[in-house]
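Number of protein chains: 2
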Amino acid sequence: MKRKPITARELARMIGVSQSAVSRAFTPGASIAADLREKILQHAAEMDYHPNAIASMLSKSRTNIIGIVVSDMQNPFYPALIEKLSRALQEIGQQSLLFNIARGSNLEDQLSALRRYNVDAVIVISATILSAQTLLWATEGRAAILINRIIEDVDLSCVACDNAQGARAVADHFHALGRRHVAYVAGLSHTSTNSERRNAFITRVAELGMVLSTQIEGSEYSYHAGRRAAMKVVENAPKTDAIFFANDILAIGGIDALKEQAGRRVPEDIAVAGFDDIAIAGWPHYDLTTFRQPVDEMVRVVVQMVEEGSCAPGKPPIVKRLSGELVIRGSTAPAHHGCSAMPG
Amino acid sequence: MKRKPITARELARMIGVSQSAVSRAFTPGASIAADLREKILQHAAEMDYHPNAIASMLSKSRTNIIGIVVSDMQNPFYPALIEKLSRALQEIGQQSLLFNIARGSNLEDQLSALRRYNVDAVIVISATILSAQTLLWATEGRAAILINRIIEDVDLSCVACDNAQGARAVADHFHALGRRHVAYVAGLSHTSTNSERRNAFITRVAELGMVLSTQIEGSEYSYHAGRRAAMKVVENAPKTDAIFFANDILAIGGIDALKEQAGRRVPEDIAVAGFDDIAIAGWPHYDLTTFRQPVDEMVRVVVQMVEEGSCAPGKPPIVKRLSGELVIRGSTAPAHHGCSAMPG
DNA sequence: CATGATGTTGCATGCGCATTCATCTTTTTC
DNA sequence: GAAAAAGATGAATGCGCATGCAACATCATG
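So the protein sequences, as listed, match chains L and W.
The first sequence begins at 1 in the UniProt record's numbering and counts up one residue at a time.
The second sequence begins at 1 in the UniProt record's numbering and counts up one residue at a time.
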């Protein structure tokens with residue numbers, strides 16, 4: 001029952017042309033007369049002929065496949081990014097081959113697949129897990145771009161949001177609102193996104209003369225981690241009147257815990273800001289002030305790099321820092337000095 | 001700089017064996033002496049040789065690639081499913097090639113890619129957009145499985161949650177809580193998931209002698225659609241004391257709108273139930289009673305079908321209905337007015 | 001009309017590996 | 001110990017398409 005697909009050679013024989021002609025008919029810009037191409041394409045449609053991409057990959061060096069390495073699909077930021085990225089890649093004729101790296105399992109095995117499929121480029125969206133060494137090995141000899149992860153030492157191109165800009169914007173915003181005791185809640189502490197946001201935030205807080213009331217070490221980027229962190233903040237530093245969470249999903253957990261578990265009002269008692277601007281941040285219930293990552297521009301830049309091959313191996317690595325935008329919503333508001341309700 | 005990868009032939013020549021031997025060394029179960037294989041693998045590791053998957057695909061009929069057709073990554077249910085699915089597929093040596101179908105764009109173009117890459121199987125996760133005809137065409141001649149979408153007429157295998165069971169469980173639960181005026185909020189009305197849930201719910205509601213106070217036509221599966229629908233419910237049928245939303249993301253929007261916009265208490269005034277059991281449903285703030293789809297089992301079944309080739313073309317289509325489980329949380333509780341819930 | 005330039009076509013070959021077949025080696029069996 | 005069976009290996013071929021090359025056709029130019 002499994003009808004074997006028709007090949008170019010068979011089609012050619014039926015029409016009475018050479019197999020080359022068929023190949024050229026399907027190759028944009030190939031040297032072929034317009035009427036011949038037309039004729040072949042028409043017959044091809046009739047015969048339901050589709051060029052075999054695998055064979056094409058073997059002949060050409062290109063596969064038209066981009067390997068996308070992910071590991072954290074829990075944080076809604078990533079599915080949204082992947083969706084836009086895969087759409088944009090499709091528009092330039094590239095398909096996305098997913099490499100879903102599971103924490104703890106043997107990376108070599110999983111990544112050797114990445115080497116065997118001759119993907120045209122590798123886009124690493126996973127902020128975590130992979131060491132620089134592993135990344136280098138996995139992307140050896142092919143174009144590679146890291147998204148939202150900067151690695152200084154090694155030759156890998158990166159596209160990332162200007163985390164420091166965002167963190168400073170949040171600090172400035174807190175300051176302008178009259179907040180004075182601010183806290184930072186970390187994400188995964190060894191990620192560049194986290195350390196950049198933290199360092200810039202802390203520095204700015206000091207510059208502005210605010211007090212860094214506490215700093216919560218990160219465990220992961222998740223709603224529940226955000227809840228736990230928020231409780232630690234009110235426990236460690238009850239006077240805290242503003243919290244900057246390393247990302248939105250943490251902040252959202254934090255808001256819920258602050259309101260429902262710690263009995264604080266947001267934003268009256270504690271202002272909350274996040275980072276990313278995921279869809280949930282815009283839900284009226286959370287209405288989270290956050291620093292919006294320029295996702296569309298990140299995608300555009302990445303796709304352009306892929307298309308132009310400017311991230312090819314051997315070329316100097318390109319590091320793109322894109323600026324984002326502070327989105328001010330209801331989770332932050334001016335401080336009301338004097339009437340601070342301190343339960344407990 | 002782009003070091004061309006070493007080929008089997010080159011490696012063979014260096015070791016002083018035939019290319020066949022190299023190929024066999026990497027082929028489990030091939031006829032080759034253990035010590036020779038060992039030697040080859042060792043040299044291969046040294047020389048950083050990795051079999052070229054593309055060439056392998058061309059020789060064998062298998063590509064070890066599964067096409068995954070998605071269209072709706074907004075609903076968190078799908079990213080979660082895709083993550084588990086891609087992991088499970090990786091474990092049986094299959095990679096996932098993403099086909100992200102954008103609404104409105106020319107499907108033929110996007111799906112012709114699906115035909116050109118000789119994927120071993122196609123898994124369609126998109127509940128929407130694709131017509132049965134399009135699906136048939138896209139999966140022509142290859143194994144295909146639809147997840148959460150049942151199409152009766154055509155020869156396609158499906159794996160789905162027992163939507164009717166879930167809807168009945170919700171109706172029963174509402175009844176047991178003493179709710180009497182229940183509403184249904186639809187998702188995308190032309191999807192099988194929606195119609196199955198609606199029909200079973202309405203039927204059961206009637207059987208139990210409850211009143212279907214209103215029914216909101218669906219537009220999409222989204223938080224904001226859920227909010228709008230909830231407002232329509234309280235507007236159309238103020239006496240409604242329980243709402244069954246076609247899925248969780250609708251229900252979550254509904255809860256927020258009911259509480260914050262309509263001024264109703266959940267669950268005291270209105271009980272709310274959803275369907276799916278996405279992560280957000282378990283967040284303390286929502287604490288949503290919902291019918292849990294057996295995602296892990298769905299993935300297991302799908303992967304097994306792929307592995308066994310039981311969904312191959314020509315074979316009779318397999319339709320698997322998996323039962324889920326009602327997860328009772330805080331968004332539903334016994335009605336206070338008059339008639340109480342039945343014990344135990 | 002002669003010449004070259006340009007455009008079009010088919011032939012042949014190769015991409016890198018899997019696999020069949022024939023050959024040769026080792027083991028088993030009576 | 002001889003014959004047969006099983007195992008191991010290499011040479012050769014093909015998977016389906018892209019492309020360099022040569023052959024040929026068409027056209028412009030002098």
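Just so you know, even glycine gets a beta-carbon here, dropped at the ideal spot from N, CA and C.
This one's a predicted model, so the numbers in the text were calculated from it and none came from an experiment.
- Neighbours of residue 285 (chain W) in chain L, taken as residues whose beta carbon is under 7 Å from its own, are 256, 260 in chain order.
- When DSSP assignments are scanned along the region 150-197 of chain W, the uninterrupted stretches of alpha helix (DSSP H) that are 4 or more residues long and fall wholly within it turn out to be 163-176.
- Annotation: the continuous alpha helix (DSSP H) that includes residue 42 (chain W) extends over 34-47.
- Residue W:116 holds the alpha-carbon nearest to the alpha-carbon of residue 137 (chain W) among W:82, W:42, W:116.
- The contact set of residue 116 (chain W) on chain L, defined by CB atoms closer than 7 Å, consists of 50, 51, 52, 53 in chain order.
- When C-alpha distances from residue 71 (chain W) are compared across W:17, W:32, W:264, W:127, the shortest belongs to W:127.
- The residues 255, 258, 259, 272, 331, in chain order, have a CB closer than 7 Å to that of residue 266 (chain L) in the same chain once the five nearest residues on each side in sequence are set aside.
- Judged by DSSP in its simplified three-state form, residue 95 (chain L) adopts strand.
- For residue 321 (chain L), the enclosing beta strand (DSSP E) begins and ends at 319-322.
- Residues 8 of the same chain have their beta carbon placed closer than 7 Å to that of residue 23 (chain L), with the five preceding and five following residues left out of the count.
- In this structure, residue 95 (chain L) places its C-beta atom within 8 Å of the C-beta atom of residue 65 (chain L).
- At a cut-off of 8 Å between C-beta atoms, residue 57 (chain W) counts as an interface residue with respect to chain L.
- Residue-level contact check: residue 141 (chain L) touches chain W, since one or more beta carbons of chain W fall below 8 Å from its beta carbon.
- When DSSP states are grouped into helix, strand and coil, residue 290 (chain L) belongs to the strand group.
- Its Cα nearest to that of residue 67 (chain W), the residue W:86 stands out among W:299, W:86, W:40, W:55.
- Contact annotation: residue 159 (chain L) and residue 302 (chain L) have beta-carbon atoms nearer than 8 Å.
- Not flagged as an interface residue toward chain W: residue 45 (chain L), since no C-beta distance is shorter than 8 Å.
- If you look at residue 213 (chain W), you'll find it isn't in any alpha helix (DSSP H); it sits in the beta strand (DSSP E) that goes 211-216.
- In the structure shown, residue 208 (chain L) falls within a coil segment according to DSSP collapsed to helix, strand and coil.
- For residue 63 (chain W), the chain L residues whose C-beta falls within less than 7 Å of its own C-beta are 54, listed in chain order.
- Under DSSP, residue 326 (chain L) takes part in a beta bridge, and its partners are L:291.
- Take residue 329 (chain L), set aside five residues on each side of it, and the residues of its chain with a beta-carbon closer than 7 Å to its own are 287, 288, 289, in chain order.
- At least one CB of chain L lies nearer than 8 Å to the CB of residue 97 (chain W).
- Scanning W:130, W:33, W:52 for the CA closest to the CA of residue 10 (chain W) turns up W:52.
- Closest in C-alpha terms to residue 292 (chain W), from the list W:134, W:31, W:327, W:131, comes W:327.
- Under the DSSP assignment, residue 255 (chain L) falls outside any beta strand (DSSP E), being part of the alpha helix (DSSP H) whose first and last residues are 248-256.
- Within the same chain, 217, 218 come within 7 Å of residue 189 (chain W) by CB-CB distance, once the 5 residues on both sides are set aside.
- Non-local beta-carbon contacts of residue 57 (chain W) in its own chain, meaning distances under 6 Å to residues more than five positions away in sequence, involve 63 in chain order.
- For residue 4 (chain L), the number of other beta carbons within 10 angstroms of its own is below 16, and it is reported as exposed.
- Burial state of residue 46 (chain L) is exposed, judged by a 10 Å Cβ sphere holding fewer than 16 other Cβ atoms.
- For residue 122 (chain L), the three-state secondary structure derived from DSSP is strand.
- The region 151-158 of chain L and the region 203-210 of chain L do not touch, with fewer than 3 CB-CB distances between them shorter than 8 Å.
- For the pair of segments examined, the region 234-251 of chain L was found to touch the region 171-180 of chain L: the number of CB pairs separated by less than 8 Å reaches three.
- Residue 276 (chain L) is bridged by DSSP to L:292.
- Looking from the CA of residue 103 (chain W), the closest CA among W:193, W:224, W:73 belongs to W:73.
- Counting the other Cβ atoms within 10 Å of the Cβ of residue 35 (chain W) gives fewer than 16, which makes it exposed.
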